[in-house]
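Visitor: The sequence shown: position 324 = 319 (my numbering), numbered continuously.
C-beta: ideal position from N, C-alpha, C; glycine also.
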Amino acid sequence: MSIDVKVRTVLRPSTSDLWFLAYLPLAISDGIATPLIPLLALQHFGASAFAVTIIIAASAMSQVPFTILWGNLSDRVAHRKYFLVGSFLATGVSIVLIALATNLLTYFWLNVVEGLASAASAPIGTMLLLETRHKRWWPTDIGLFGLISGLGTTIGLAIGFVWLFVVGYNQPAIAAMTALLIVSGILALVSAGIAWAWIEEPASRVDRRSVSDLVHLHRGVVERIRQFRLRVVGLIDLTRSKAERLPGREYLFLAALGLMSVGFDIFYGPFPVFLWRDARFTDAGVFIVYLGSAAASTALFFHSGKAVERHSPKSIFLDSLGGRVLLMLLFLWGPIYVLFGLGSPALLGWITLLNALMGVTWAFISTASTIFLVRLVGRSARGRALGFYNAFAGAGSLLGTLLGGWLFATYGVYLAYSTAAVVVLAGATLLVPIPYHMFQLPHPAARHRRLARSSRATTRARSREPSDRGR
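1. Is it buried or exposed for glutamate 245, if we count other Cβ within 10 angstroms and need 16 for buried?
2. Applying the 10 Å Cβ sphere with the 16-neighbour rule, what's the burial state of arginine 75?
3. Any contact of the stretch 177 to 197 with the stretch 75 to 92, i.e. 3+ C-beta pairs under 8 Å?
4. Please report the residue range of the alpha helix (DSSP H) in which glutamate 109 lies.
5. DSSP three-state call for tryptophan 14: helix, strand or coil?
6. How about glycine 155 and proline 267: do their beta carbons lie closer than 8 Å?
7. Tell me the DSSP secondary structure of phenylalanine 428 in three-state form.
8. Select from Pro430, Ala291, Leu100, Leu247 the residue whose C-alpha is nearest the C-alpha of phenylalanine 387.
9. Note down, in chain order, each residue of its chain lying with its Cβ closer than 6 Å to the Cβ of phenylalanine 15, except the 5 sequence neighbours on either side.
10. Using 8 Å for Cβ pairs, my map puts tryptophan 328 next to phenylalanine 335. What's the rounded Cβ distance?
11. Helix, strand or coil for serine 43? Go by DSSP, reduced to three states.
12. What's the gap between the Cα of glycine 264 and the Cα of alanine 42?
13. Below 8 Å on the Cβ atoms is my guess for tyrosine 409 versus phenylalanine 326; work out the distance and round it to an integer in Å.
14. Determine the extent of the alpha helix (DSSP H) in which alanine 274 is found, giving its start and end residues.
15. Return the residue from the list Ala341, Tyr406, Leu254, Val320 that minimises the CA-CA distance to isoleucine 283.
16. Going by Cα to Cα distance, which pick from Val427, Leu393, Leu398, Ala415 is closest to alanine 55?
17. As a quick exercise: from Asn350, Phe403, Ala421, Pro430, pick the residue whose alpha carbon is nearest that of phenylalanine 367.
18. Assuming isoleucine 27 and alanine 36 are in contact, meaning their beta carbons sit under 8 Å apart, how far apart are those beta carbons, in whole angstroms?
19. Where does serine 301 land, buried or exposed, given buried means 16+ other C-beta within 10 angstroms?
20. Use the C-beta contact count for isoleucine 331: other C-beta atoms within 10 angstroms, 16 or more gives buried, fewer gives exposed.
21. Where do the N-terminal and C-terminal ends of the alpha helix (DSSP H) with isoleucine 93 fall, by residue?
22. If you draw a straight line from the alpha carbon of glycine 473 to that of serine 256, how long is it in whole angstroms?
23. Below 7 Å CB to CB, which residues in the same chain sit around alanine 250 once its five sequence neighbours on both sides are set aside?
24. Could you compute how far the alpha carbon of glycine 110 sits from the alpha carbon of valine 303?
25. Is the beta carbon of isoleucine 169 sitting closer than 8 Å to the one on histidine 39?
26. With DSSP as the reference, label tyrosine 164 as helix, strand or coil.
27. In whole angstroms, what is the alpha-carbon distance linking glycine 318 and asparagine 350?
28. Can you tell me whether valine 355 is buried or exposed? The criterion is at least 16 other CB atoms within 10 Å of its CB, across all chains shown.
29. So, is valine 162 buried or exposed, given that buried needs 16 or more other C-beta atoms within 10 angstroms?
30. Taking all protein chains shown into account, decide if valine 178 is buried (16 or more other Cβ within 10 angstroms of its Cβ) or exposed.
31. How should valine 47 be labelled, buried or exposed, when 16 other C-beta atoms within 10 angstroms of its C-beta is the threshold for buried?
32. Glycine 399 and alanine 416: beta carbons closer than 8 Å?
33. Compare the Cα-Cα distances from alanine 423 to each of Thr405, Val320, Leu397, Leu324 and report the closest residue.
34. How about glycine 151 and serine 24: do their beta carbons lie closer than 8 Å?
35. Buried or exposed: where does leucine 21 fall if 16 or more other Cβ atoms within 10 Å of its Cβ makes it buried?
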């Protein structure tokens, strides 16, 4: 009996695959909380720029060991569903408690707890998907998860803007933001309810070492530190796979990636502080700026993959990095700030446009960098290389966040953002020695034409051969 792999089948009978939607309220919650948590720390507790970045970085750092722990525990315990429901539930409760915190120290530790709670959602959710869907459809379904994440984040940022600019416009700012953060926590609890109602335990298990090539597909479409848990999924593979030595050019790529990640987060670590304190935007204005990047990244999530398939990943990677360096420098203070005026709608539109273009570059960078590495290494070393990819990117993000907060608080935005641009440029420079020709793959149409010509030539050659009966 033959199986038609084109038919979307699952590995087990399933009453519903609606559990995919459990991630939508969680993504909306994340979109609300991403800019709101640093804003509350700034305005409610009077935290410094460096303190805000420490809060963000500590939350992300706490996710690293627990992402590995929760994933490994779920492999040993025959109930992935309960881990995922528990993660959503604990995340929602933690966010509500963060909103109700009465001092900065409690606020800090509750953010750490939220990082621990949310760490299970990426590896366990990914494995649950792989164990309930046909292997042929893994890339498509994981891409759908990425789309859900991007749409949810965009919706969450839009809700935050409407809430602060319309619903809570006449309310005290702290009260409006506290209520909004409670709504964010409730949305995570809604995700827990959907997961409990619709997730079925898989009948079979998939070894995570056998799906390492797909780790890079489960990536956030929006560049922000709270999505750090999605960037360290590959650490699981590092803890489980054999040590394989990578060639020198792969380590050169990883060094470049680490440098670029440091530069990216030197910029984005103190970014909410820059928007609120230096650019003098309102809370709703900060959400608008974040919304620009989220919408741009989400819109180009799949288009970036098609562009990389048609062109060289290296050229797209370097072009996007060059554009990002120029954009970082445009954020620096200059005559345009004087022309538009601090806190003005014109300046808000300008900064939102710049951040949307940063989102465009991120859509292409995140896709091209992964394919760059995948084509650089052999299949046997691909899993470990992708694990290193996520580890280097995660470590660079943490270091960049802390360094960015310190530079911003000590020396101001000029030095912080200039350093970010220089570090990204240094990382891009390390990519130049890697051979370019190995990535110049022919366009699909050209391949089809060559195959057609080859087929016609073979047919003509065979037609000229004498038949067996005439010999």
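Guide: Walking through what the data contain:
1. Buried.
2. Buried.
3. Yes: the two stretches touch, three or more of their Cβ pairs being nearer than 8 Å.
4. Run containing glutamate 109: 99 to 113, per the alpha helix (DSSP H) assignment.
5. Here tryptophan 14 carries a helix assignment [DSSP, helix/strand/coil].
6. For glycine 155 and proline 267, no; Cβs fall outside 8 Å.
7. First, the residue type needs correcting, since residue 428 is proline and not phenylalanine in the sequence shown. In the three-state reduction of the DSSP assignment, proline 428 falls in the coil class.
8. Comparing alpha-carbon positions, the option among Pro430, Ala291, Leu100, Leu247 lying closest to phenylalanine 387 turns out to be Leu247.
9. Same-chain partners within the cutoff: there are none.
10. At roughly 12 Å, the Cβ-Cβ gap does not stay under 8 Å, so tryptophan 328 and phenylalanine 335 are not in contact.
11. Note: serine 43 maps to coil in three-state DSSP.
12. Between glycine 264 and alanine 42, the C-alpha separation is close to 14 Å.
13. Your pair tyrosine 409 and phenylalanine 326 does not check out as a contact, with CB atoms roughly 10 Å apart and the cut at 8 Å.
14. First-last for alanine 274: undefined, no H or E at that position.
15. Nearest C-alpha to isoleucine 283: Ala341.
16. Sorting Val427, Leu393, Leu398, Ala415 by C-alpha distance to the C-alpha of alanine 55 places Leu393 at the top.
17. Comparing Cα positions, the closest option is Pro430.
18. Contact doesn't hold; Cβ gap of about 15 Å is too wide.
19. The residue you asked about is not serine; residue 301 is lysine in the sequence shown. Lysine 301 comes out exposed.
20. Counting Cβ neighbours within 10 Å, isoleucine 331 comes out exposed, since fewer than 16 surround it.
21. Judged by DSSP secondary structure, isoleucine 93 falls within the alpha helix (DSSP H) whose first and last residues are 75 to 94.
22. Outside the displayed range of the chain (-4 to 466) lies residue 473, so it cannot be described from this structure.
23. Correct list, in chain order: Leu425.
24. Spanning the two alpha carbons is a distance of roughly 33 Å.
25. Contact: yes.
26. Coil at tyrosine 164, not helix or strand.
27. Take the alpha-carbon of glycine 318 and the one of asparagine 350: they are about 12 Å apart.
28. Its Cβ being crowded by 16 or more others within 10 Å, valine 355 is buried.
29. So valine 162 counts as exposed.
30. With 16 or more Cβ atoms within 10 Å of its Cβ, valine 178 is classed as buried.
31. Counting the other CB atoms within 10 Å of its CB gives valine 47 a total of 16 or more, which places it among the buried residues.
32. Cβ distance not < 8 Å, so glycine 399 and alanine 416 don't count as in contact.
33. Answer by Cα proximity: Val320.
34. Going by beta carbons, glycine 151 and serine 24 fall inside the 8 Å limit.
35. Flag for leucine 21 reads buried.
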